[in-house]
Structures are given as structure tokens and as C-alpha cells.
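Residue numbers (the working numbering): 12 to 406.
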């Protein structure tokens with residue numbers, strides 16, 4: 012039985028063409044954004060490199076938070092694990108012998124190619140997520156937030172004070188080679204977006220989104236909510252580990268204090284700003300935050316506008332970014348994208364939707380449009396597994 016509360020059938024899953032549009036849109040937008048940054052020159056290409064690294068991590072966050080509806084404050088722990096694994100594997104052994112005098116000998120003597128170290132960082136993040144997931148994925152709401160935050164604090168303490176794997180007294184790991192350029196980082200970012208999109212198409216992801224909307228009904232329908240959360244959590248942790256490796260390579264220096272609650276809130280702000288329930292929201296939020304941050308940094312140094320030099324006071328950058336985030340959340344609680352995926356809608360569809368809204372009728376959207384409102388959360392969850400989409404329903 013596959014009916015909704017209105018008596019009709021649960022919406023059919025969009026066709027392959029419509030679903031591919033939800034992937035192509037973010038890929039094209041990110042490519043154009045980086046192309047413009049590279050053409051404009053100055054400090055923008057360097058800032059774009061950091062923004063691409065943040066994009067990889069934010070997409071990793073969205074894989075879990077967006078699909079499960081569970082807020083995690085601990086994903087930067089996987090970023091830290093990835094950054095640490097990468098740093099330990101690529102720093103010159105001679106430098107490591109001085110930097111990590113008390114470390115395990117195998118860590119001091121080992122040096123791997125950059126590509127191998129990146130893979131190990133990805134695997135390290137995923138394996139660590141797999142170890143802690145069974146203990147964390149049974150929690151919901153505030154409990155989940157506190158549990159994942161505790162994980163972040165514990166990892167930070169280990170990487171600060173355990174001298175078998177870290178420099179003494181929380182010092183920085185230096186000497187990380189920087190060989191990846193803007194094009195290589197763009198490749199990783201686009202690949203991460205594609206991986207996230209592929210996961211969204213799986214039965215496990217669809218059931219997880221359905222359970223997000225019907226957490227009480229899901230177990231009664233035979234859905235293993237914890238199991239599907241673990242799958243998303245492990246994949247998200249692996250992507251975060253990859254992001255940690257790219258962050259360390261771009262930053263050239265790794266210190267545990269850099270990968271703490273401040274960085275966590277910055278990443279979550281990017282995700283919430285764009286819309287946490289969609290991949291498109293993760294992309295839009297990261298780009299919006301990064302562009303605004305770059306502009307404010309530029310004005311902090313002073314910008315000549317005709318006869319006037321416009322300068323933003325020190326500290327005003329974070330105030331403006333915070334104000335923008337609050338304003339967006341007040342006007343668009345689901346983020347800039349409204350939690351919807353990218354879609355190419357015809358102009359007359361928008362007019363039809365406005366007319367339907369004024370008349371009090373449901374919005375009329377052509378079949379197969381990815382941004383069509385969903386009612387699959389009101390249908391049996393096995394219907395969602397067969398293709399009913401629930402990712403557009405507000406949590």
C-alpha cells in the first residue's frame with residue numbers, strides 16, 4: 012500500500028535526467044566560482060583553495076547531518092584524525108625525529124607519497140567513525156549533540172598531550188609539504204560532491220531521510236535507523252578525514268587547537284546558511300560564506316573607492332558574518348536553498364506556483380522535478396525505499 016494522506020499515490024521518484032541535474036548544477040557552479048577566482052588573481056586563488064577544502068568538509072557534514080537530521084558537533088574530530096595521519100606520513104623523518112622525540116619509532120621512520128597519505132587519511136577518518144558510531148548513533152536530539160561534542164573534546168586532548176603521536180605541549184606539526192594547487196583541490200571538491208550525490212541515490216540514504224521525518228514510525232516499519240545512520244556516519248567521517256588531509260596540506264602546519272569548537276561552528280554555519288537538508292545547500296552555504304568572508308577581509312585592509320578609502324574595523328568581520336547568518340535564518344529558516352536540491356525550473360512553473368498559492372491549492376510542479384514538494388514521509392517507509400523522496404520535507 013503506497014498512499015498519502017490526500018488519498019493519492021506517493022510521488023514517484025524523479026527520472027534519471029532530473030536527478031542528474033541535481034548533480035550537474037553544483038558541479039558547474041563550483042567550477043565557475045573557482046574559474047572566476049583564478050581569473051581575478053591577487054589573494055583570491057589562495058582564499059579559494061581554503062574555501063575548497065572547507066567545501067569538502069561541509070559536504071562531508073551534510074552527508075550525515077542532512078540525511079539523518081541529527082546534529083553533530085564532533086565531525087571536526089575526523090578532520091583532525093585525517094590531518095594528523097596525513098602529517099605524520101608526509102613530514103620528513105629527520106624533521107620528525109626532532110619534532111616528535113617521544114613518538115613511536117615507526118611513525119618517525121615512515122614517510123609515504125602524498126597520494127598514499129591522502130588515502131590513509133580518508134581511511135583513518137572512516138575507520139575511526141566506524142569505531143565510535145555504534146555508541147553515538149543511538150542518541151537523538153540534544154543527547155547526540157552533546158555526545159559528539161564530547162568526542163571532539165576527547166580527540167583534541169589526545170592530539171594535544173599524547174606525545175607518542177604528537178609534539179610535546181600541544182606544539183604545531185610543521186614541515187608538511189604543499190604541492191596541491193587550485194586545480195587539484197577543485198578535483199577533490201567535485202569528486203566529493205559526486206560521492207555525496209551517489210550516496211543520496213541509495214536505498215539506505217532514502218530510508219534514512221524517511222526516518223528523519225518519521226523517527227517513531229520508522230522502527231515500527233522495520234527500518235534499522237541505527238544501521239542506516241552508521242552507514243552515513245562512516246561515509247561522512249571518511250570524507251571529513253579526506254578534508255583533514257587537504258586542510259593540513261593547504262595549511263602546511265597542524266595544531267590540535269586549530270581543529271576545535273571554533274572551526275566546528277564555522278563549518279556548521281556554512282551548512283546551515285545554505286540549507287542542511289540538501290547537497291545544493293552545502294555548496295551554496297560554503298560559497299556564500301567564503302565570498303562574504305573574502306570581501307570583508309579585503310575591506311579590513313582598506314579599499315579605495317574613488318576619493319574615499321573604505322575600511323572595516325578589526326573584529327567587524329565576524330560580527331557581520333554572524334549578523335548575516337541570523338538574518339538568513341530569520342527569513343529562511345531552512346537556509347538559502349530552503350533545503351531543496353538544485354533544479355532547472357521553467358519560468359511559467361514559478362508563475363503557476365504563485366497562482367496556486369494564492370488560490371490555496373498545492374503547488375503544481377511538473378512530474379520528475381527534483382524540487383517538487385514531498386509527501387513520502389507520510390507514506391509507508393518502504394515506499395520511500397523504493398524511490399519516494401523525503402529530502403525536501405522540513406525537519
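The C-beta atom is built at its ideal place from N, Cα and C for all residues, glycine as well.
Pull up the CB-CB distance for residue i and residue j, whole angstroms please, since I reckon it's below 8 Å.
i, j, result
"residue 236", "residue 141", "Contact flag wrong, Cβ pair sits at about 17 Å."
"residue 322", "residue 333", "Their Cβ separation, rounded to whole angstroms, is 20 Å, which puts residue 322 and residue 333 out of contact at 8 Å."
"residue 41", "residue 200", "6 Å"
"residue 351", "residue 291", "7 Å"
"residue 175", "residue 114", "6 Å"
"residue 71", "residue 251", "4 Å"
"residue 139", "residue 69", "At roughly 19 Å, the Cβ-Cβ gap does not stay under 8 Å, so residue 139 and residue 69 are not in contact."
"residue 118", "residue 143", "Not really, about 22 Å apart at Cβ, beyond 8 Å."
Do you know how far the Cα of residue j is from the Cα of residue i?
i, j, result
"residue 164", "residue 271", "8 Å"
"residue 276", "residue 105", "36 Å"
"residue 77", "residue 288", "4 Å"
"residue 101", "residue 273", "26 Å"
"residue 145", "residue 65", "27 Å"
"residue 27", "residue 211", "13 Å"
"residue 349", "residue 301", "19 Å"
"residue 32", "residue 190", "33 Å"
"residue 193", "residue 265", "20 Å"
"residue 123", "residue 253", "16 Å"
"residue 169", "residue 330", "32 Å"
"residue 151", "residue 184", "36 Å"
"residue 342", "residue 80", "21 Å"
"residue 74", "residue 247", "6 Å"
"residue 158", "residue 147", "7 Å"
"residue 320", "residue 311", "11 Å"
"residue 51", "residue 59", "11 Å"
"residue 29", "residue 354", "8 Å"
"residue 299", "residue 214", "31 Å"
"residue 307", "residue 186", "30 Å"
"residue 267", "residue 46", "33 Å"
"residue 263", "residue 153", "35 Å"
"residue 316", "residue 207", "42 Å"
"residue 173", "residue 160", "20 Å"
"residue 269", "residue 181", "11 Å"
"residue 167", "residue 327", "29 Å"
"residue 39", "residue 178", "42 Å"
"residue 48", "residue 324", "25 Å"
"residue 25", "residue 259", "39 Å"
"residue 188", "residue 227", "50 Å"
"residue 90", "residue 233", "34 Å"
"residue 249", "residue 231", "31 Å"
"residue 120", "residue 171", "21 Å"
"residue 103", "residue 116", "13 Å"
"residue 382", "residue 225", "The predicted position of residue 382 is uncertain, since its pLDDT is 41 and thus under 50; no value can be drawn from it."
"residue 238", "residue 229", "12 Å"
"residue 241", "residue 318", "58 Å"
With distances taken from CA atoms, which of the options is nearest residue i?
i, options, result
"residue 297", "283, 98 and 111", "283"
"residue 35", "209, 320 and 301", "209"
"residue 295", "29, 44, 198 and 238", "44"
"residue 54", "317, 328 and 309", "309"
"residue 85", "156, 47, 49 and 38", "156"
"residue 3", "286, 130 and 154", "Outside the modelled stretch of the chain, which goes from 12 to 406, sits residue 3, for which no answer is possible."
"residue 202", "227, 226, 25 and 37", "37"
"residue 56", "117, 261, 346 and 231", "261"
"residue 149", "49, 255 and 83", "83"
"residue 293", "345, 317 and 307", "345"
"residue 304", "25, 240, 39 and 61", "61"
"residue 279", "118, 325 and 336", "336"
"residue 285", "172, 347 and 167", "347"
"residue 128", "255, 324, 227 and 242", "255"
"residue 339", "48, 197, 318 and 281", "281"
"residue 196", "25, 63, 171 and 328", "63"
"residue 67", "103, 116 and 198", "198"
Could you name the residues that DSSP lists as bridge partners for residue i?
i, result
"residue 196", "Paired residues: none, contrary to the question."
"residue 184", "265"
Next on the checklist: With a threshold of 8 Å, are at least 3 pairs of Cβ atoms found where one atom belongs to the region 220-231 and the other to the region 108-115?
Outcome noted: no
Checklist entry - Would you call the region 125-138 and the region 79-96 touching, i.e. three or more CB-CB distances under 8 Å? => result yes
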